[in-house]
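Undergrad:
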Amino acid sequence: MENQLKTENSNMTTITEFVLLGFSDIPNSQWILFGIFLVIYLTILMCNSIIILITRIEPVLQTPMYFFLNNFSFLEICYVTATVPRMLMDLLTQKGNISLVACAAQMFFVLTFGGSECLFLTAMAYDRFVAICNPLHYPLVMNHKICVQLAIASWVSGVPAIIGQTCQIFSLPFCGSNTINHFFCDIPPIIKLACGDTFLNEIAVYLAAVVFIMVTFILIIVSYGKIIANILKISASGRAKAFSTCSSHLMVVVLFYGTATINYLQLKPHQSARIGKVISLFYTVLTPTLNPIIYTLRNKDIMMALRKLLSKLLR
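Whatever position you read off the sequence shown (first residue = 1), add 16 for my numbering.
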């Protein structure tokens, strides 16, 4: 019995790094996946950078809605940069070794930017609610100071809780296998590697998911419930314009919240590693790829600003 305890203790202390398996279960497709994800990453960087540029230089787009979209586009760049470059490096080198500190840092940034995305989507829904349901007071309610305060709150308010969450998870004893069957350091696969009772950690994850995902989602749904009720009262032409400004945001909300909810409100043992990776790809890679396309193609103001920018560059 004593020898067994010594062996377990030695296993706990010898784990100084994890190994991200990534997509090693499909070894013949590593270069294809590298090419696909590289193109996707560059597309996300380019599209979101263009949105940031045109919302800054175009006078027509100097409104609260585009102020939040500017921040949201920069957030998307940060969010994918927390996972995709590391994944590309692992696909290129065929190695997934990552130190505990680097793994903890990656988890912290993914959770921070993910939490900020929930809060920004909520702030954007509130902006649309005030604009459509209370248009006369919109300039007063959504003044520049309020917009800046909402943006700062969205960026930083979740940081203390996420620091605590990350420290709590990485203070767990890890023994036995150090391989993470994932392409980044996410909560569900890391908790699976922990020894002993992880019940309190799982409860903490559920509580954080309820606050950041479910509460913000309910606030968005309530906002859009009131928006839709108000839209139905106005004329057909006004109704079409109001729906067009809200539909893009709603599509992004459904894509992001749908996949994030499945991942963080269903930890273990119900979810297989392969399904977990596919779901994570949706909200960490696919959704940020679709977001700028949704916001540009369905937004006449941005399309006009983009045409003006292209015409200036092509002169």
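Quick reminder that beta carbons are idealized off the backbone N, C-alpha and C, glycines included.
My assumption, with CB atoms under 8 Å, is that H265 sits in contact with M140. Please give the rounded CB distance.
TA: In the sequence shown, the residue the question calls residue 265 occupies position 249. In the sequence shown, the residue the question calls residue 140 occupies position 124. Between M140 and H265 the Cβ distance is about 6 Å, and since that is below 8 Å, they are a contact.
Undergrad: Kindly identify the DSSP beta-bridge partner or partners of V231.
TA: Your numbering for residue 231 matches position 215 in the sequence shown. BP columns for V231 are empty, so no partner.
Undergrad: As an exercise, report each continuous alpha helix (DSSP H) stretch of at least 4 residues that is fully enclosed by the stretch 140 to 183, in chain order.
TA: List check, alpha helix (DSSP H) in window: 154 to 157, 160 to 172.
Undergrad: Which of the three DSSP states is assigned to N113 in this structure?
TA: As a position in the sequence shown, residue 113 is number 97, starting the count at 1. Note: N113 maps to strand in three-state DSSP.
Undergrad: Grab the span of the alpha helix (DSSP H) containing E92 for me, first residue to last.
TA: For this step, residue 92 is matched to residue 76 along the sequence shown. Here the alpha helix (DSSP H) through E92 covers 80 to 97.
Undergrad: For E133, which of helix, strand or coil comes out of DSSP?
TA: Start at 1 with the first residue of the sequence shown, and residue 133 comes out as number 117. Three-state DSSP puts E133 in a helix.
Undergrad: Let me know the secondary structure DSSP gives I250 once reduced to three states.
TA: The sequence position of residue 250 within the sequence shown is 234, counting from 1. Coil, per DSSP.
Undergrad: So what's F34 in DSSP terms, helix, strand or just coil?
TA: Counting from one through the sequence shown, the residue named residue 34 turns up at place 18. Of the three classes helix, strand and coil, the one that applies to F34 here is strand, per DSSP.
Undergrad: For H212 and L61, I'd like the C-alpha separation in whole angstroms.
TA: On the sequence shown, residue 212 is found 196 positions in, with the first residue counted as 1. On the sequence shown, residue 61 is found 45 positions in, with the first residue counted as 1. Going by the sequence as given, residue 212 is Gly instead of His. Approximately 42 Å, taken between the alpha carbons.
Undergrad: Can you give me the start and stop residues for the alpha helix (DSSP H) that F298 sits inside?
TA: For the purposes of this step, residue 298 is taken as the residue at position 282 of the sequence shown. Here F298 belongs to no alpha helix (DSSP H), and DSSP marks it neither H nor E.
Undergrad: Closer than 7 Å by C-beta to A245: which residues in its own chain qualify, once you throw out the five before and the five after it? Chain order, please.
TA: By 1-based counting over the sequence shown, the position of residue 245 is 229. So no residue of the chain qualifies.
Undergrad: Starting from G51, trace the alpha helix (DSSP H) in both directions and tell me its first and last residue.
TA: Taking the first residue of the sequence shown as position 1, residue 51 is located at position 35. Looking at the DSSP string, the run of the alpha helix (DSSP H) that includes G51 is 46 to 73.
Undergrad: Going by DSSP, what residue range makes up the alpha helix (DSSP H) through D317?
TA: As a working mapping, residue 317 is identified with position 301 in the sequence shown. 316 to 330 is the span of the alpha helix (DSSP H), which, as asked, contains D317.
Undergrad: Helix, strand or coil for F190 per DSSP?
TA: As a first step, residue 190 must be located in the sequence shown, where it is residue number 174. Strand, per DSSP.
Undergrad: Please name the residue or residues paired with A210 in a DSSP beta bridge.
TA: Counted from its first residue, the sequence shown places residue 210 at position 194. Note: A210 sits in a beta bridge opposite F190.
Undergrad: Between A210 and A225, what straight-line distance do the alpha-carbon atoms span, to the nearest angstrom?
TA: The sequence position of residue 210 within the sequence shown is 194, counting from 1. The sequence position of residue 225 within the sequence shown is 209, counting from 1. Rounded to the nearest angstrom, the two C-alpha atoms are 20 Å apart.
Undergrad: Start and end of the alpha helix (DSSP H) containing V76?
TA: By one-based count along the sequence shown, residue 76 stands at place 60. Neither: V76 is in no alpha helix (DSSP H) and is coded neither H nor E.
Undergrad: Over the uninterrupted alpha helix (DSSP H) stretch that includes I219, give me the two end residues.
TA: Walking along the sequence shown from the start, residue 219 turns up at place 203. I219 -> alpha helix (DSSP H) spans 215 to 225.
Undergrad: Could you give the C-beta distance for A169 and N87, rounded to a whole number, given that I count them as a contact under 8 Å?
TA: Your numbering for residue 169 matches position 153 in the sequence shown. Your numbering for residue 87 matches position 71 in the sequence shown. Actually they do not touch by this definition, with Cβ atoms about 11 Å apart.
Undergrad: Distance, Cα to Cα, G112 vs Q165?
TA: Within the sequence shown, numbered from 1, the residue matching residue 112 stands at position 96. Within the sequence shown, numbered from 1, the residue matching residue 165 stands at position 149. So the alpha carbons of these two residues sit roughly 40 Å apart.
Undergrad: Check the Cβ-Cβ distances between C211 and every residue of chain C, and say whether any is below 7 Å.
TA: Of the chains in the structure shown, none is chain C; there is only one protein chain.
Undergrad: Hey, would you say L77 sits closer than 7 Å to V269, going by beta carbons?
TA: Position 61 of the sequence shown holds residue 77. Position 253 of the sequence shown holds residue 269. Taking 7 Å as the Cβ cut-off, L77 and V269 do not qualify as a contacting pair.
Undergrad: Comparing C-alpha positions only, which one of A98, Q122, G130, F145 sits nearest to I238?
TA: Position 222 of the sequence shown holds residue 238. This sequence places Val at residue 238; Ile is not what is there. Looking at the Cα atoms, F145 is the closest of the given residues.
Undergrad: Taking just the CA atoms, how far does F190 sit from C149?
TA: As a first step, residue 149 is located in the sequence shown; it is residue number 133 there, counting from the start. As a first step, residue 190 is located in the sequence shown; it is residue number 174 there, counting from the start. Distance between the alpha carbons of C149 and F190 is about 52 Å.
Undergrad: Please go through the same chain and pick out, in chain order, the residues whose beta-carbon is closer than 8 Å to the beta-carbon of S193, but skip the five residues on each side of it.
TA: To locate residue 193, count along the sequence shown from 1; it is residue 177. For S193, where only same-chain residues beyond five positions count, the Cβ hits under 8 Å are L209.
Undergrad: Using only CA atoms, which one of T195, S132, Y142 lies nearest to V172?
TA: The residue given as residue 172 occupies position 156 in the sequence shown. For the residues T195, S132, Y142, the minimum Cα distance to V172 belongs to S132.
Undergrad: Kindly list the residues whose CB is nearer than 8 Å to the CB of R255, restricted to its own chain and excluding five residues on each side of it in sequence; keep chain order.
TA: Mapped onto the sequence shown, residue 255 falls at position 239. The answer, listed in chain order, is I247, L248.
Undergrad: For L367, which residues of its own chain have a beta-carbon under 7 Å away from its beta-carbon, when the five flanking residues on both sides are left out?
TA: With the chain running from 17 to 331 in the structure shown, residue 367 is simply not present.
Undergrad: Going by beta-carbon coordinates alone, are A63 and P308 separated by less than 7 Å?
TA: Here residue 63 refers to the residue found at position 47 of the sequence shown. Here residue 308 refers to the residue found at position 292 of the sequence shown. Inspection of the sequence shows that residue 63 is occupied by Cys rather than by Ala. The answer is yes: Cβ separation under 7 Å.
Undergrad: Which of helix, strand or coil does DSSP assign to I196?
TA: For the purposes of this step, residue 196 is identified with residue 180 of the sequence shown, where counting begins at 1. In the structure shown, I196 sits in a strand (DSSP, three-state: E or B).
Undergrad: Of the residues S187, V301, A289, R72, which one's Cα is nearest the Cα of A321?
TA: Taking the sequence shown and counting its residues from 1, one reaches residue 321 at position 305. Minimum Cα distance to A321 is reached at R72.
Undergrad: Per DSSP, what kind of secondary structure is I42 in: helix, strand or coil?
TA: On the sequence shown, position 26 is the one that residue 42 refers to. Coil.
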